[in-house]
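See structure below.
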């Protein structure tokens with residue numbers, strides 16, 4: 009069985025964008041820390057699946 013290597017979550021990308029109000033926003037795409045798995049699952053079940061068009065058939 010696969011297991012995540014020890015240490016900090018891997019950061020895949022750091023992105024800086026300008027929003028519609030002209031304010032700069034910074035985002036990072038990274039692995040989910042184990043202590044936040046439940047929070048992420050809750051988000052996907054309550055919000056993402058409801059709002060994501062590709063999930064409309066679910």
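Numbering (the working numbering), first residue to last: 9 to 66.
Where a beta carbon is used, it is the ideal one built from N, C-alpha and C, also for glycine.
Could you spell out where the alpha helix (DSSP H) holding residue 51 opens and where it closes?
45-51
Mind checking whether residue 22 and residue 11 have CB atoms under 8 Å apart?
Between residue 22 and residue 11, the gap from beta carbon to beta carbon reaches 8 Å or more.
Skipping 5 residues on each side, what residues in its chain have a beta carbon closer than 6 Å to that of residue 25?
33
In the structure shown, what three-state DSSP assignment does residue 33 receive?
strand
Among the residues of its own chain, which have a CB less than 7 Å from the CB of residue 20, if the five just before and after it don't count?
Within the same chain, and ignoring the five residues on either side of residue 20 in sequence, the residues whose Cβ sits closer than 7 Å to its Cβ are 37, 38.
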